[in-house]
Amino acid sequence: MQGATPLAKAESTDEMSDLSPKAFEPTLLNLISGWVGPDPTPVIACGMVDAKQDWNETPYRAVPTTPLGLPVLVETKSAAIAVHIIPGLKQSNPADVMRGEETRIAGFLALNPGWDGVICMPGTHSKWVLVSAGEVVSFQTFMTGELFASLSQHTVLRHSIATTGWDETTFLEAVDDAMSKPERLAARLFSLRADDLLNGQPKPTARSRLSGQLIGAELAASRPYWLGQNIAIVGADKTAEIYASALARQGAPATIADATRMTLAGLTTAHRLMKGTT
1 MQGATPLAKA ESTDEMSDLS PKAFEPTLLN LISGWVGPDP TPVIACGMVD
51 AKQDWNETPY RAVPTTPLGL PVLVETKSAA IAVHIIPGLK QSNPADVMRG
101 EETRIAGFLA LNPGWDGVIC MPGTHSKWVL VSAGEVVSFQ TFMTGELFAS
151 LSQHTVLRHS IATTGWDETT FLEAVDDAMS KPERLAARLF SLRADDLLNG
201 QPKPTARSRL SGQLIGAELA ASRPYWLGQN IAIVGADKTA EIYASALARQ
251 GAPATIADAT RMTLAGLTTA HRLMKGTT
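Note that the sequence shown covers residues 1 to 278 in this note's numbering.
Following this line, the structure appears as structure tokens:
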């Protein structure tokens, strides 16, 4: 990157869960070998790369605090790179952690100075984050995305749920149902299978119902966060739109921000912090 502008990008097919801690550095070097020169190239990393089981564990920073702390320099075997990792955030009660999302939060605040409210980051593990006066005050994580994947692929529901297709009306009805009766979630889930067996429910319809039930339960539990607040959704287009639709149904409009753009803005902010600039 040059400032906030990407000059080139590269992706790896290697999964983090398949790499040993010692494999991270050579994997990175193989990916960016054409970008490094004789002098150490600064590298700023965020996300699960600093988790306990991954490359280099860095201490969490406790909330309330600013999203970004000073990136931590990690030891490398190669002199061609100087790797700094952005530390994640932790919350003691109720216990919660994040790694990577703090960078997106920092990017959003850098692009929206003075913004107060709640930032939702949907995904495998959705985050609801209360932000005030430039600080992360508190946050809550929901395993909604992982539950959807597990239920639709590794339970009896896999026989009744399509991998593609969408019914917006069915989705919103399921959101309403889950928000009004969250205690019936487990029963509603099995009814997806029963409706297939007895009534021939279309599999894309079941997919929309499952998503609506899980997101509705998440919205019901996170209501103390988003009710009456400014809401921003930072995520991939389709997922962010689904959450925005569910919130709009509850009379809670939300602004959508692109996750990649927010991450790049957050990395830029971290780089400036390292250099001691604003």
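The C-beta atom is built at its ideal place from N, Cα and C for all residues, glycine as well.
When beta bridges are read from the DSSP output, Gln-140 appears opposite Trp-128. Ala-206 sits away from Ser-245, with the two beta carbons spaced by 8 Å or more. In this chain, the beta strand (DSSP E) harbouring Thr-255 covers 255–258. Just so you know, the alpha carbons of Pro-202 and Ser-211 end up roughly 15 Å apart. The count of Cβ pairs closer than 8 Å, one atom from the region 115–129 and one from the region 162–176, stays below three, leaving the stretches out of contact. Shown here for Leu-109: same chain residues with a beta carbon closer than 8 Å to its own, the five before and five after excluded, namely Pro-67, Trp-115, Val-131, Gly-134 in chain order.
Inter-residue distance for Pro-71 and Phe-190 is about 46 Å (C-alpha atoms, whole angstroms).
Each residue's CA atom was taken as its position, placing Ala-82 and Val-74 some 8 Å apart. If you draw a straight line from the Cα of Asp-18 to the Cα of Gly-251, it is about 43 Å long. Excluding the 5 residues flanking it on each side, Leu-147 has same chain C-beta neighbours closer than 8 Å at Leu-214, in chain order.
Taking a cut-off of 8 Å on C-beta distances, the region 213–229 touches the region 173–190, as three or more cross pairs fall below it.
When only Cα atoms are considered, Gly-88 and Glu-101 end up about 8 Å apart. Under the three-state reduction of DSSP, Lys-9 is assigned to coil, being neither helix nor strand.
About 14 Å separates the beta carbon of Phe-142 from that of Gln-91, a gap too long to meet the 8 Å contact definition.
When C-alpha distances from Ile-119 are compared across Asp-195, Tyr-225, Ala-162, Val-97, the shortest belongs to Tyr-225.
If one requires a minimum length of 4 residues, the alpha helix (DSSP H) runs lying completely within the region 8–94 are 24–32, in chain order.
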